[in-house]
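In short: position in the sequence shown from 1, add 800, done, that's the working numbering. Note that CB positions come from ideal geometry on N, CA and C, so glycine has one too.
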Amino acid sequence: NVVTPAPGPWAAYGPAGYLPNFRNQTHMGSVDMIYSINPASYYRGNPKFNIYILAGYGIVASDVDVDARQGDAQTGTTYAAGYAGINFFSKKSDIKKAARSVQDGQYETNAPVANNGRDPITRLNRNWLVRHAMTFGGGIAYKLSNKINVGLEQKFVNAFNDDM
801 NVVTPAPGPW AAYGPAGYLP NFRNQTHMGS VDMIYSINPA SYYRGNPKFN
851 IYILAGYGIV ASDVDVDARQ GDAQTGTTYA AGYAGINFFS KKSDIKKAAR
901 SVQDGQYETN APVANNGRDP ITRLNRNWLV RHAMTFGGGI AYKLSNKINV
951 GLEQKFVNAF NDDM
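Here's what the structure looks like:
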C-alpha cells in the first residue's frame, strides 16, 4: 500500500513522521425528538426515573486551520524544508523544540482536504464548512423535584462525511 499525502503543507511529512499543526473549531445546533421508553402506567403516579431515546437533525459548522508558516525570509528556509529537517528518532523534547521552531503559532492557512472532498451546504467566511447531520442517542433522567431534573445523556452526530 502506498500512502499519498494530502496536498499542501502535509506533503512534507511523507511516511517518516507526523506532527499535528492544525486547529479545529466546530459548532453545532440540532433539533431532536425524544421518546420516553418508560411504560405508561395509570396506577403508579409520577415516575422518578425516565429512560429515553432521541433522534433528530443537526447543522454542523467546522473550520480547520493549519499553522503553515510560509518560510523564514531571513534564512530562506521554506515550510516543507523546516519539517524535513526534524529528526523523528531523537528524544521527544528535541522533537517538540524543533517543531516549535518551524511553526509560528498563527493558524492563518485553511487546511486542505484530500481528494477535494468538500461538499458542504455552504461555506461561510474564513472557510467555515456547514453540513447537514443526523443525531441519535439516549439517556436517563431522575426527577429531584417538580422543577429539577438530573440526567445523563449520550448523543452521536453523523455528518455523513469525514472531511471535518
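For residue i, the three-state DSSP class (helix, strand or coil)
| i | result |
| --- | --- |
| residue 883 | helix |
| residue 959 | coil |
| residue 943 | strand |
| residue 949 | strand |
| residue 911 | coil |
Pairwise C-alpha distance: residue j and residue i
| i | j | result |
| --- | --- | --- |
| residue 852 | residue 945 | 19 angstroms |
| residue 859 | residue 925 | 17 angstroms |
| residue 947 | residue 901 | 55 angstroms |
| residue 907 | residue 928 | 14 angstroms |
| residue 909 | residue 835 | 44 angstroms |
| residue 960 | residue 843 | 44 angstroms |
| residue 940 | residue 838 | 10 angstroms |
| residue 950 | residue 850 | 10 angstroms |
| residue 895 | residue 888 | 6 angstroms |
| residue 832 | residue 819 | 38 angstroms |
| residue 898 | residue 824 | 23 angstroms |
| residue 841 | residue 847 | 9 angstroms |
| residue 886 | residue 904 | 16 angstroms |
| residue 954 | residue 891 | 40 angstroms |
Spatial neighbours of residue i in its chain, beta-carbon cut-off 6 angstroms, leaving aside the 5 residues before and after
| i | result |
| --- | --- |
| residue 936 | 855, 956 |
| residue 826 | 862 |
Buried versus exposed call for residue i [16 or more other C-beta atoms within 10 Å across all chains shown]
| i | result |
| --- | --- |
| residue 866 | buried |
| residue 864 | buried |
| residue 931 | buried |
| residue 942 | exposed |
Own chain, CB closer than 8 angstroms to residue i, minus 5 neighbours either side, in chain order
| i | result |
| --- | --- |
| residue 915 | Model confidence at residue 915 stands at a pLDDT of 48, short of 50, so the residue's coordinates are unreliable; what they give is reported in the following sentence. Closer than 8 angstroms at the Cβ level, and outside the excluded window around residue 915, lies no residue. |
| residue 822 | 864, 865, 866, 867, 907, 911 |
| residue 933 | 828, 830, 857, 858, 859, 860, 957, 958, 959, 960 |
Contacts around residue i, its chain only, beta-carbon distance under 7 angstroms, and the 5 residues preceding and following it disregarded
| i | result |
| --- | --- |
| residue 845 | none |
| residue 952 | 939, 940 |
Notebook entry, point to check: Going along the chain, which unbroken runs of the beta strand (DSSP E) with 3 or more residues stay wholly within the segment 825 to 867?
Noted result: 849 to 866
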